[in-house]
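Position 45 of the sequence shown, counting from 1, maps to 45 under UniProt numbering, and the rest follow consecutively.
Glycine is no exception: its CB is placed at the ideal position from the N, C-alpha and C atoms.
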Amino acid sequence: MSVLDEEYLKNTRKVYNDFCNQADNYRTSKDFIDNIPIEYLARYRELY
């Protein structure tokens, strides 16, 4: 998976739902998180 684009990352509900859909597979969910830029991870941590 490539680094997720900024437009996609602005839609926190979609990002959250997409992550939840992959959360049952450790490797897939880890890859998903690894492709989110660090500045967005900090933002999501504040939201949830």
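Length-filtered (4 minimum) alpha helix (DSSP H) runs lying within the region 3 to 37: As far as the region 3 to 37 is concerned, its whole alpha helix (DSSP H) runs of at least 4 residues are 6 to 10, 12 to 22, 26 to 34.
Between the alpha carbons of residue 28 and residue 34, how many angstroms are there, rounded? 10 angstroms
Apart from the five residues just before and just after residue 4, which ones in its own chain have a Cβ nearer than 7 angstroms to its Cβ? 35, 36
Suppose contacts are defined by Cβ-Cβ distances below 8 angstroms. Is residue 26 in contact with residue 15 by that definition? no
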